[in-house]
Each structure stands twice: as structure tokens, then as C-alpha cells.
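Q:
Number of protein chains: 2
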Amino acid sequence: MNIGEASNASGVSAKMIRYYEEIGLIRPMGRTGNNYRVYGEEEVHILRFIKRARNLGFSLEEAETLLKLWQDKSRESAAVKEVATAHIADLERRIAEMQGMVKTLKHLAHCCGGDTRPNCPILDDLAGDGSAAGDKPVAPAKNRMKQNA
Amino acid sequence: MNIGEASNASGVSAKMIRYYEEIGLIRPMGRTGNNYRVYGEEEVHILRFIKRARNLGFSLEEAETLLKLWQDKSRESAAVKEVATAHIADLERRIAEMQGMVKTLKHLAHCCGGDTRPNCPILDDLAGDGSAAGDKPVAPAKNRMKQNA
DNA sequence: CTTGACCTTCCCATGATGGGAAGCCCCACA
DNA sequence: TGTGGGGCTTCCCATCATGGGAAGGTCAAG
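So the protein lines, in turn, are chains X and L.
Under my numbering, read the first sequence as residues 1 to 149, first letter to last.
Under my numbering, read the second sequence as residues 150 to 298, first letter to last.
Below, the structure is given as C-alpha cells:
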């Protein structure tokens, strides 16, 4: 299987497959005489595993941890659960953070006429005239979301 | 006012102030004879404006838009409201996305013994054995969150 | 034999931020 | 007057995960 076929079969782009190899997330693949990488079912399975972990918001580092646990037949499920619950907590923290932003913005937007007049409480708030909603920096978040908007 | 004082007064790091200048978000500042940047109250006000917009999850690009609207005395508040509501929608989409992840992960964690045995439904799911919860890539999100975990 | 679709490596860009080096500059203190 | 420490300057690099694209090799079908 060439890298293109492995990409199709796993849903991971060829670029990313090479990158994962480069950073040591997957083992360097064997090559054919023409220097093409060769993949088998097992590699595709691993790539799909990684892709699913990414879809669930795990970072590549966490995916690597989970991958090692997956391949460790004697692992304890507690170790896996720990990674998962830590990730849940992280997600929930970020959700709460964004909900706080939404709440503030909705309030400001509600107070804003949204018409042809220049008067705008949203800008007033950003400028720091009043209650200063944008003053409290929300808890920062590690960025580990897929980005391809 | 030197850049350090402007930084203290605005809460924006000196590094970032120079960066904002570099990307054209703020005007290049005048210099003293020793080549130090000089800031006044207005610049500090602008920096605080940007910081608040960032705290509300706006990207620097959106902050620039809002900044221009802020400085445009004849703007229509509808234009501002539009930026804000688009941002709210974006935040809500990402919140829903992460809530989906949390839901899936909680279910998997709930089913996982979390003990010393190797059996683990979380890994089973990632490996694609069953219902394939991690299969559906959640809607991707532009990354515009503060990151400094 | 040509054409087009692969593959390879290498470099660059994203967005927002921090780290750090090398080299000025200035003020306070001995 | 010398010196030390802290500020300022620019410049380069790193992060994280991903894509774009160039330049060149390879292969299979026409």
C-alpha cells in the first residue's frame, strides 16, 4: 500500500502521515525500491486510531500516550481512564470559559441597537467605559482543536 | 511613557505591543533620541481595547475590525453587532462541538472499569471495534483562543 | 514516448505568544 | 568617574497541527 492508499483508507492526509513519522508518533515505514513508503493493514489501523483520538479533541501527545497504552497488552485500564478524565476536565474548563464569553457578548449585543446610529454599548464596553466585562481574562486554554475553518 | 510602562498600564506584554505594531494593528510609535518607543494615554487606551477584545475571544483580525469601528465616529452600531453576533455563533458552534466530545468521552469513561485489568472500552472505541464514536469529525473550529497553559 | 498521476524531500505559512541572545542606553550608587 | 543592573532595541527560534507548493524521481496507461 502506498501512502496515498493508506491516506484514503485511514482518513489521515499523506502530509500528516509523513509528519507523524517525523515526530516519532508512528514508526518509520519500510520503503520499496523506488523509495516509496509501504503500509499494511496494521499501520492503517494505527492511523485510524490516531484520527479518532484527534476527533475527540486529544492532542497528538495524548494520542501517543493512548496509542502506547493500546499496544501495551498488560496496561491497566485505570491509566487510560485517567487520560480520558483529565481531557474531559480540560474540555469542560474550556467550555465554561467560552460560555462566559458568550454570556457577556449576548448581553452586550442585546443592549446594542444594531441600527444606523453610532451609539454602541459593545464598543463602549471594550473601551472600558463601564462595567468592564472584558476585563477578566478567562482561563486560558491549551489549543488542541482541529483547525480547518 | 516607555514600552514597559505602557505594558504595565495596558496589561499587554511589551513583546505583543511590538508585534501589534509590526502587523499594523497599531500605528508605529514615535521614538525618542535613544530609539525608545514613546506612548501616550491614547495608545494605552487602544491597547486595553485590544486586550479586552482578546479576552472575549475575538481574534486579532476581529479586534482590528472593532478597533476601526470604535474609531469611526460615524459607524453604525449594526456593523458592530454583526461582528459580535457572528462571534457568538462561532463560539456556540465550538461549545457544541466540545460538548459532543465530552459526552462521548464520559460515556466511554463510565464504561471503563478504571482498574488494574487491561480491558478498556475507551481504547476499544478508538481502535474502531464498535460504535465508532470518534468517527464523526466534529465541526472544525478556527483557533482564536488565548493559549498560555 | 509522452502524459499525467503518483511519490519523494525541502521550505514556508498560519495565529498569538513566549524565550532568549547580542548590543545599546540610562540612572543610581560608591 | 566607574560600574552594575535594568530597560530598551532588533533578530531568530519555538510552539501546535496542518496545508501549500516547488523541484525532481517513478510508474503505468495510452
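We put the CB at the ideal spot given by N, CA and C, even for glycine.
Determine the chain X residues that contact S226(L) at a beta-carbon separation under 7 Å, and present them in chain order.
A: Near S226(L) (Cβ distances below 7 Å), the residues of chain X are C112, G113, G114, D115, R117, P118, N119, C120.
Q: Assign V229(L) to one of two classes, buried (16 or more other C-beta atoms within 10 Å of its C-beta) or exposed (fewer than that).
A: It is buried - the Cβ of V229(L) has at least 16 other Cβ atoms within 10 Å.
Q: Counting Cβ pairs, one atom from each stretch, are 3 or more of them under 8 Å apart for the region 224–239 of chain L and the region 37–53 of chain X?
A: In short, these stretches do not touch, since the Cβ pair count stays below three.
Q: Alpha carbons only, please: which of V161(L), E210(L), T265(L) is nearest the one belonging to S74(X)?
A: That would be T265(L), whose Cα lies nearest to the Cα of S74(X).
Q: Quick check: A202(L) and L215(L), are their CB atoms within less than 8 Å of each other?
A: In this structure, L215(L) lies closer than 8 Å to A202(L) by Cβ.
Q: With DSSP collapsed to three states, give me the class of R117(X).
A: Looking at R117(X) - three-state DSSP - the assignment turns out to be coil, as it is neither helix nor strand.
Q: I believe E225(L) touches P118(X) by the beta-carbon criterion, under 8 Å. Please report the beta-carbon distance rounded to the nearest angstrom.
A: The Cβ separation is near 7 Å, so the contact holds.
Q: Output the distance between the C-alpha atoms of L207(L) and R197(L), rounded to the nearest integer angstrom.
A: Correcting the residue type first, residue 207(L) is Phe in the shown sequence and not Leu. Answer to the nearest angstrom: the Cα atoms are 14 Å apart.
Q: Run through chain X and tell me which residues come within less than 8 Å of V251(L), C-beta to C-beta.
A: Here the neighbours are I88, L91, E92, I95.
Q: Please tell me whether K151(X) has its Cβ less than 8 Å away from any Cβ of chain L.
A: With chain X covering 1 to 149 only, the question about residue 151(X) has no answer from this structure.
Q: Using a Cβ cut-off of 8 Å, pull out every chain L residue sitting near G128(X), in sequence order please.
A: Near G128(X) (Cβ distances below 8 Å), the residues of chain L are H194, R197, F198, R201.
Q: On the DSSP bridge assignment, give the partners of R186(L) in chain order.
A: In DSSP, R186(L) forms a bridge with R180(L).
Q: Counting only beta-carbon atoms, is M1(X) nearer than 8 Å to chain L?
A: By this cut-off, M1(X) is not an interface position.
Q: Kindly list the residues whose CB is nearer than 7 Å to the CB of C120(X), restricted to its own chain and excluding five residues on each side of it in sequence; keep chain order.
A: Here the set comprises C112.
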